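Chemist: Please see the structure below; I have some questions.
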Amino acid sequence: MTVWALLDDELAHWADSGRTATLWWRDDDAVAATAALDRLLAMRAAYDLGLALAVVPATMDASLAARLQDEPASVAVLQHGYAHQNHAAAGEKSVELGPHRPAPVVIGELGTGLMALSQTFGARFLPVMVPPWNRIAPALVPVLPEIGFRALSTYTARTRVEPVRGLLQVNTHVGPIGWRPRRGFLGDEQIITTLVDALRARRDAAATSPVADEPTGMLTHHLVHDEDIWTFLDRLWNRLRAHPAVRIVQPAAIFGS
Ligand SMILES: [Zn+2]
Numbered sequence: 000m001t002v003w004a005l006l007d008d009e010l011a012h013w014a015d016s017g018r019t020a021t022l023w024w025r026d027d028d029a030v031a032a033t034a035a036l037d038r039l040l041a042m043r044a045a046y047d048l049g050l051a052l053a054v055v056p057a058t059m060d061a062s063l064a065a066r067l068q069d070e071p072a073s074v075a076v077l078q079h080g081y082a083h084q085n086h087a088a089a090g091e092k093s094v095e096l097g098p099h100r101p102a103p104v105v106i107g108e109l110g111t112g113l114m115a116l117s118q119t120f121g122a123r124f125l126p127v128m129v130p131p132w133n134r135i136a137p138a139l140v141p142v143l144p145e146i147g148f149r150a151l152s153t154y155t156a157r158t159r160v161e162p163v164r165g166l167l168q169v170n171t172h173v174g175p176i177g178w179r180p181r182r183g184f185l186g187d188e189q190i191i192t193t194l195v196d197a198l199r200a201r202r203d204a205a206a207t208s209p210v211a212d213e214p215t216g217m218l219t220h221h222l223v224h225d226e227d228i229w230t231f232l233d234r235l236w237n238r239l240r241a242h243p244a245v246r247i248v249q250p251a252a253i254f255g256s
């Protein structure tokens with residue numbers, strides 16, 4: 000059985016039990032209009048998918064807003080930290096929103112970024128915090144709803160629906176890129192296996208657990224996709240989009256508009 004057949008098999012279980020596997024798509028690190036962004040938006044349009052772009056407010060360029068101006072509302076903007084700067088100590092994992100700086104400094108930056116994105120993108124911007132490197136110090140999380148964030152999105156299955164009152168968490172679970180030891184396409188087998196495992200874990204638990212009943216998130220990084228990654232994504236969306244047991248959910252439907 001090929002790994003793609005394993006995906007079909009898993010989705011057949013969803014169909015048999017009359018359930019719909021919801022998925023969503025987050026792409027990180029957008030700051031400017033580029034050829035890679037054009038390609039991403041063309042793929043989204045080809046399959047009429049929702050797409051959440053996590054934008055870095057401190058380094059975004061006016062060309063990004065101009066490029067998105069005529070895109071439909073299904074292309075949403077989320078906030079990707081503030082400057083995507085690593086403040087970790089040597090030897091630690093990269094983190095911007097860590098415990099290394101005073102919380103008021105970090106929170107001040109996030110509030111500045113929130114205002115900038117809101118002014119630049121209007122209703123397209125959803126106040127959702129996507130921490131760079133998917134890491135955020137636990138002490139910062141309770142402050143997010145206080146300064147206007149409605150949701151948090153990191154990587155791997157969430158452990159709570161609302162980590163603090165008024166803050167929804169909806170994560171991503173699978174992506175096509177490996178980062179270490181060398182950045183590149185992970186290959187069909189590894190990616191689809193991760194996707195199938197995420198769907199199966201969710202199918203097993205979702206009936207009894209609202210925590211597990213989380214839309215499965217695909218995480219991409221358009222600026223570093225090679226041809227293998229684009230080809231894989233095209234194949235995946237083509238397959239998922241047509242499947243009767245799958246629904247690819249708009250960002251606004253997940254996070255509120
Ligand atoms: Zn990033």
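For the sequence shown, numbering that gives the first Met the number 0 gives the first residue as 0, with consecutive numbering after it.
Every residue gets a Cβ at the ideal spot worked out from N, C-alpha and C, and that includes glycine.
Please read these numbers as outputs of a predicted model, since none were measured by experiment.
On the three-pair Cβ rule with 8 Å, is the segment 0-9 touching the segment 217-226?
Modeler: Taking 8 Å as the limit for Cβ pairs, the verdict is that the segment 217-226 does not touch the segment 0-9.
Chemist: Start and end of the beta strand (DSSP E) containing Asp28?
Modeler: It spans Ala20 to Ala29 - the beta strand (DSSP E) in which Asp28 sits, taken as one unbroken run.
Chemist: Can you look up Ile146 in the DSSP assignment and give me helix, strand or coil?
Modeler: Of the three classes helix, strand and coil, the one that applies to Ile146 here is coil, per DSSP.
Chemist: Where DSSP assigns a beta bridge to Tyr154, which residues make up the other side?
Modeler: According to DSSP, Tyr154 bridges with Thr171.
Chemist: Is the closest heavy atom of ligand 1 to the C-beta of Ala53 under 8 Å?
Modeler: Because some heavy atom of ligand 1 lies under 8 Å away, the Cβ of Ala53 counts as near it: yes.
Chemist: With respect to 8 Å, is the separation between the Cβ of Trp132 and the closest non-hydrogen atom of ligand 1 below this value?
Modeler: Under cutoff, so the answer is yes.
Chemist: Give the DSSP bridge partners of Thr219, in chain order.
Modeler: The partner list for Thr219 (beta bridge, DSSP) reads Asp26.
Chemist: If you run the structure through DSSP and keep just helix, strand and coil, what is Gly255?
Modeler: Of the three classes helix, strand and coil, the one that applies to Gly255 here is coil, per DSSP.
Chemist: Just checking Asp28 against ligand 1 - is the residue's beta carbon closer than 8 Å to any of the ligand's heavy atoms?
Modeler: Result yes, Cβ under 8 Å from ligand 1.
Chemist: On the three-state DSSP scale, how would you describe Val74?
Modeler: Reduced to three states, the DSSP call for Val74 is strand.
Chemist: Return the chain-ordered list of same chain residues with a C-beta closer than 7 Å to the C-beta of Arg202, the five sequence neighbours on each side being excluded.
Modeler: Correct list, in chain order: His12 and Trp13.
Chemist: Kindly indicate which residue of Gly90, Pro56, Phe124 and Pro103 has the alpha-carbon position closest to the one of Val74.
Modeler: For the residues Gly90, Pro56, Phe124 and Pro103, the minimum Cα distance to Val74 belongs to Phe124.
Chemist: Does the structure place the segment 54-67 close enough to the segment 229-242 that three or more beta carbon pairs sit under 8 Å?
Modeler: These segments do not touch.
Chemist: Name the DSSP bridge partner or partners of Arg246?
Modeler: In DSSP, Arg246 forms a bridge with Thr21.
Chemist: Distance check for Thr119 and Asn133, CA to CA, integer angstroms please.
Modeler: Each residue's alpha carbon lies about 24 Å from the other.
Chemist: Indicate whether the contact test is met: 3 or more Cβ pairs, each with one atom in the segment 143-150 and one in the segment 167-177, closer than 8 Å.
Modeler: In short, these stretches touch, since the Cβ pair count reaches three.
Chemist: If you run the structure through DSSP and keep just helix, strand and coil, what is Met42?
Modeler: Helix at Met42.
Chemist: Between which two residues does the alpha helix (DSSP H) carrying Ala11 extend?
Modeler: Residues Val2 to Asp15.
Chemist: By the DSSP assignment, the alpha helix (DSSP H) with Met278 in it spans what residues?
Modeler: No answer is possible for residue 278: the residues shown for the chain start at 0 and end at 256.
Chemist: Restricting to Cα atoms, I'd like to know which of Val195, Gly110 and Gln68 is closest to Asp37.
Modeler: Cα-wise, what sits closest to Asp37 is Gln68.
Chemist: Leaving aside the five residues before and after Leu116 along the sequence, list all residues of the same chain whose C-beta is less than 7 Å from its C-beta, in chain order.
Modeler: Answer for Leu116: Val54, Pro56, Val76, Gln78 and Phe124, listed in chain order.
Chemist: If you compare alpha carbons, which of Ala32, Leu50, Gln84 and Glu70 is closest to Met59?
Modeler: When only C-alpha atoms are compared, the closest one is Ala32.
Chemist: From this set, Asp27, Gly17 and Arg234, which residue's C-alpha is nearest Leu222's C-alpha?
Modeler: The shortest C-alpha separation from Leu222 is found at Asp27.
Chemist: Comparing the CB of His79 with every heavy atom of ligand 1, is any distance shorter than 8 Å?
Modeler: It does: the Cβ of His79 is within 8 Å (strictly closer) of some heavy atom of ligand 1.
Chemist: Can you tell me where the alpha helix (DSSP H) holding Pro195 begins and where it ends?
Modeler: Here residue 195 is Val; the residue named in the question, Pro, does not match the sequence. Residues Asp187 to Ala204.
Chemist: What is the residue span of the alpha helix (DSSP H) that Ala51 lies within?
Modeler: It is not in any alpha helix (DSSP H) - Ala51 instead sits in the beta strand (DSSP E) that spans Leu50 to Val54.
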